[in-house]
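S.K.:
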Amino acid sequence: MLSRVAERVYWMARYVERAENTARMVTAFNLLALDMPKSVQVSWKGLVEVTGNEDLFDNHYQRDDERNCVKFLLADADNPSSVLNSLRAARENVRTTRDLVPSEAWEVMNELYLFARDHIDQGIGKRGRFDFLSEVVQRCQTLTGLLAGTMSHDAAYDFIRLGRNLERADMSTRHVDVGALKLLKKDGEDPEPYEGLLWTSILRSGSGFQMYRQHVKRRINGVDVVRFLLQDTAFPRSVTHALTQVQDALEKLPRNELPLRLVIQARRHASSAHVEELIAEDGLHAFMDVLQRDIGDIHGANAETWFLAAPAQAQEAA
Amino acid sequence: MAIDWKRYDPTPFYDELIEKPGRPRGPASALAEYLASLDEGEIHSRKQAADNAILEMGISFTVYTEGENIDRAWPFDIIPRVITRREWDQVSAGLEQRLTALNLFIDDIYNEQRIFQDKVIPRYVLNQSKNFREQCVGIKPPQGVWAHICGSDLVRDGNGQFFVLEDNLRVPSGVSYMLENRQVTKRVFPELFENSSILPVDEYPTQLFDMLASISPRPQDYPEIVVLTPGIYNSAYFEHSFLAQRMGAELVEGADLVVSDDDCVYMRTIDGLERVDVIYRRIDDEFLDPEVFNPDSMLGVPGLMRAWRKGNVGLTNAPGAGVADDKVMYAYVPDIIRYYLDQDPIIPNVPTYLCVNEKDRAYVLDHLDELVVKPANESGGYGMLVGPHATKKQRSEFAQLIKKDPRNYIAQPTLDLSVAPTLCGDEIEPRHLDLRPFILQGVRTDVTAGGLTRVAMRKGSLVVNSSQGGGSKDTWIVDEEN
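Note that the protein sequences, when read in sequence, are chains A and B. Everything in the first sequence is counted per the numbering used here, starting at 137 for the first residue and increasing by one. Everything in the second sequence is counted per the numbering used here, starting at 1406 for the first residue and increasing by one.
Okay, structure coming up:
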């Protein structure tokens, strides 16, 4: 299999996963904002921060109000990770590997991008936001399912799985970050009573609310939610589970020593973390940074091992 | 309204199917009769079936306009064009003769240059040729073959005589559409294939593979063959990907290949570097190797020429082969055939005036309203003047161009291109067409049975290029004796 082709399907999977997770995150936060009393303010800017693109945001926007933040996350042409840019990049990667992926996948991908492009204003505005984002999430899932169900599970598919799960692990650390950054602003009143709602919303970002309920069986609290999203071995969007999937895909690929070593190390970091201490000592955000760096290193090792040299490919780094 | 051949007017031109109103030509009679038996609804449903098949099979070509790539469905007319096998055998022999002579010529140009010493062609023609590559001087590719793949454009005049209009020796395209047109026609008119012997065309990918394998520097059972494409933005990308798939070859871009210190070519795969034996390149000479040609090329592979010169990789068509498809060289092809093969050309050339010759130039400038003027090095129908259809202003602009750079222009009489019945909206009308057969030359020579028929869909138009609104037809070589 050509390195270029491997790189394209890998990025296709990453971008689709990124678009879906960003859409989920905005949805969940949106619901949270609606639940809060007027006296407690939610920080939309915090969402921009967890994506790691706040410098870009600050360069382009004066005010960090809801509209600007949502616009930045969903539609901004200068934000390489905006939903629209992610879908555009994913589409371009499918377009250039059309001989490899099932033709229905190209059709779904193409329609998904066109849908997002044509309806993006609905997502930015308040009224159509929920419907727009649900539609994006659903179509991303259709694509993922279609690839799983109709594409031979060969090396190309291993690269898709690799990209998807690496991105998923990264995005899950960012969902946790929403909690770490304490995005509820105090305004005279103590926001403490609303923290439960915040953690619920974080679970919803990763579609984990229902599964948490079934498996954790305790009232929703920060420590258990972070443990669940970080360390649960059965929930497909937990960091540990996603990294196990990454490892699984890596094991099938040739010359895998370097990335394999790194993923095992990263998974150990995630699964051995003392969540209670991290929260008590205000170390959660710093720890998510460590995990995000681990994930970045795995990506670097993937690129070094299998992809074309950097100059030929102007893809964004992880 | 069903087709009534008595109401069809084949015009004063040579009609491929209908000799005169109500009388189809012999080899086309079964087809004409069958078409006449279909009512209007049936014809439209066949047309619809063809359009659906084209969409479903993803047969497209790319047009690049206003910074956007648009994939367009391949334009296809359901009524095939029919040629008898007896006539085709003759054409086929002529094409083989022509390419054999052209390869001897190219090999001579880059080596001894006997043809100039013997004064058959004046040397200045070469000195001013844009497609001569001095980097290729002294090279002897395997079997002395430079142009392994040739697409020659044939036209018929008013008497039905075939002429060669041009030879494409660089990166001729269209063969995938020839193959797909047949697939579509089989779906649309399966009944017709049962009752007549139409020669198959689908051997092409196998023949192409065998030819490519035959120039591998490492004779073995499984040579690594790749198709080198400029990428998705190229208008012929569909074909590159199609041929790679049909041959089971890898479709690569320049960045996928690397020439190592051992002067061998490798491709970058997830398993590491893998040696490449033969490259079917679909990018132009100038972009092939930035070390030797255009240094800014991002499409090519640095060091490729080194590897080829050392015989470590087969390259097809060989760089520099385009020297023989220049339209000025074209005028000398009959002389080239006589010189190298000592035979008379089987298929004639279209009479050609070389503007570089003073006498010819004077004639051309005097007769611009009757002639077609073409630049020597363009393809795709760009930059030409069709005298009888041009305005006075366009003609005087061309007169200036010719005077400024006479070597770059040739002129030919406006040909009475043949026509064939074509479905245009609700009516069957005659439209002009040409034919591009493909010739493969390695250890042996293979000519396609027929080729790609291109149709000018606009009434009266002579421009058949798909980039300029041309369509296409399936081409049948019918064996009447079987």
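For glycine and all other residues, C-beta sits at the position ideal for the given N, C-alpha and C.
Consult DSSP for B/His1837 and reduce its assignment to one of helix, strand or coil.
M.R.: If DSSP states are grouped into helix, strand and coil, B/His1837 belongs with the strands.
S.K.: Based on Cα-Cα distance, which residue from A/Phe364, A/Pro329, A/Thr278 lies nearest to A/Ile338?
M.R.: Ranking A/Phe364, A/Pro329, A/Thr278 by Cα distance to A/Ile338 puts A/Phe364 first.
S.K.: Just to confirm, are A/Ala292 and A/Val272 a CB contact at a threshold of 7 Å?
M.R.: Contact: no.
S.K.: List the residues of chain B that A/Thr232 touches, going by C-beta distances under 9 Å, in chain order.
M.R.: Neighbours of A/Thr232 on chain B, chain order: Gly1636, Ile1637.
S.K.: On the CB-based measure, 16 or more other CB atoms within 10 Å of its CB, does A/Glu143 come out buried or exposed?
M.R.: Classification for A/Glu143: buried.
S.K.: For the region 340-426 of chain A, list the alpha helix (DSSP H) runs that are entirely contained and at least 4 residues long, ordered along the chain.
M.R.: Within the region 340-426 of chain A, the complete alpha helix (DSSP H) runs of at least 4 residues are 345-352, 358-367, 375-387, 393-407, 411-416.
S.K.: Using a beta-carbon distance below 7 Å, is A/Ser288 in contact with chain B?
M.R.: Answer no: the Cβ-Cβ gap between A/Ser288 and chain B never drops below 7 Å.
S.K.: Going by beta carbon distance, what residues of the same chain come within less than 7 Å of B/Ala1407, once the five residues before and after it are set aside?
M.R.: Correct list, in chain order: Ala1441, Leu1443, Asp1444, Glu1445.
S.K.: Within this structure, are the beta carbons of B/Ser1871 and B/Phe1466 separated by less than 7 Å?
M.R.: Contact flag set, yes.
S.K.: Per DSSP, what kind of secondary structure is B/Met1789 in: helix, strand or coil?
M.R.: Three-state result, B/Met1789: coil.
S.K.: Would you check if there are 3 or more beta carbon pairs closer than 8 Å linking the region 1518-1526 of chain B to the region 1556-1570 of chain B?
M.R.: The region 1518-1526 of chain B is not in contact with the region 1556-1570 of chain B.
S.K.: Hey, which unbroken runs of the beta strand (DSSP E) at 3 residues or more fall wholly within the region 272-336 of chain A?
M.R.: Entirely contained in the region 272-336 of chain A, not one beta strand (DSSP E) run reaches 3 residues.
S.K.: Considering only residues of the same chain and omitting the five flanking positions on each side of B/Ile1459, which have a CB-CB separation below 7 Å?
M.R.: Closer than 7 Å at Cβ, skipping near neighbours: Ala1478, Trp1479, Phe1481, Val1589.
S.K.: What would DSSP say about B/Ser1557, mapped onto helix, strand or coil?
M.R.: Strand at B/Ser1557.
S.K.: Touch check for the region 160-176 of chain A and the region 232-245 of chain A: three-plus C-beta pairs under 8 Å?
M.R.: No, the region 160-176 of chain A does not touch the region 232-245 of chain A.
S.K.: For B/Ile1675 and chain A, any beta-carbon pair shorter than 7 Å?
M.R.: Output row for B/Ile1675: interface = yes.
S.K.: Hey, how far is the Cα of A/Val359 from the Cα of A/Glu413?
M.R.: The straight-line gap from Cα to Cα measures roughly 9 Å.
S.K.: Put B/Tyr1671 into one of helix, strand or coil per three-state DSSP.
M.R.: Residue state, collapsed to three classes: strand.
S.K.: Which complete beta strand (DSSP E) runs does the region 1476-1551 of chain B hold, if anything under 3 residues is left out?
M.R.: Fully enclosed beta strand (DSSP E) runs of 3 or longer: 1482-1489.
S.K.: Could you tell me the distance, in whole angstroms, from the CA atom of B/Val1663 to the CA atom of B/Leu1633?
M.R.: Those two C-alpha atoms are separated by around 12 Å.
S.K.: If you follow the beta strand (DSSP E) that B/Tyr1685 is in, where does it begin and where does it stop?
M.R.: 1683-1686 is the span of the beta strand (DSSP E), which, as asked, contains B/Tyr1685.
S.K.: Ordered along the chain, which non-local residues of its own chain (more than five positions away) have a Cβ less than 7 Å from that of A/Gln451?
M.R.: Below a pLDDT of 50, predicted positions are generally treated as unreliable, and A/Gln451, at 41, falls in that range; no measurement from the model is reported.
S.K.: What does B/Ile1459 pair with, by DSSP beta-bridge criteria?
M.R.: BP columns for B/Ile1459 are empty, so no partner.
S.K.: What does the Cβ neighbour count give for B/Leu1617, buried or exposed, with the cut at 16 atoms within 10 Å?
M.R.: So B/Leu1617 ends up on the buried side.
S.K.: Whole beta strand (DSSP E) runs in the region 1605-1687 of chain B with 3 or more residues, listed along the chain?
M.R.: List check, beta strand (DSSP E) in window: 1630-1633, 1655-1657, 1662-1664, 1670-1674, 1677-1680, 1683-1686.
S.K.: May I ask you to list, following chain order, the residues of the region 1648-1678 of chain B that have a beta carbon less than 9 Å from some beta carbon of chain A?
M.R.: Those would be Ala1649, Gln1650, Glu1655, Leu1656, Val1657, Glu1658, Gly1659, Ala1660, Asp1661, Met1672, Arg1673, Thr1674, Ile1675, Asp1676, Gly1677, in chain order.
S.K.: By the 10 Å Cβ neighbour count, where 16 or more other Cβ atoms means buried, how is A/Thr286 classified, buried or exposed?
M.R.: Per the 10 Å Cβ criterion, exposed.
S.K.: Taking only three categories from DSSP, how would you classify A/Thr158?
M.R.: Helix at A/Thr158.
S.K.: Using 8 Å as the threshold, is the region 149-160 of chain A in touch with the region 301-314 of chain A, meaning 3 or more CB pairs across them?
M.R.: A contact exists between the region 149-160 of chain A and the region 301-314 of chain A.
S.K.: Whose C-beta lies closer than 8 Å to the C-beta of B/Ala1454 among residues of the same chain, with five residues either side of it excluded?
M.R.: The answer, listed in chain order, is Arg1592, Val1593.
S.K.: Over what stretch of residues does the alpha helix (DSSP H) that includes B/Ile1807 continue unbroken?
M.R.: First-last of the alpha helix (DSSP H) with B/Ile1807: 1797-1809.
S.K.: Taking 7 Å as the cut-off, decide whether the C-beta atoms of B/His1553 and B/Asn1722 are in contact.
M.R.: Result yes, Cβ atoms of B/His1553 and B/Asn1722 sit closer than 7 Å.
S.K.: Is the Cβ-Cβ distance between A/Tyr330 and A/Val176 less than 7 Å?
M.R.: A contact, by the Cβ cut-off of 7 Å.
S.K.: Taking only beta-carbon positions, decide if A/Asp430 is within less than 7 Å of chain B.
M.R.: For A/Asp430, the answer is no, since every Cβ of chain B falls outside 7 Å of its Cβ.
S.K.: Checking contacts by CB at 7 Å: is A/Trp335 closer than that to chain B?
M.R.: A/Trp335 does not count as touching chain B.
S.K.: Any Cβ of chain B within less than 7 Å of the Cβ of A/His435?
M.R.: For A/His435, the answer is no, since every Cβ of chain B falls outside 7 Å of its Cβ.
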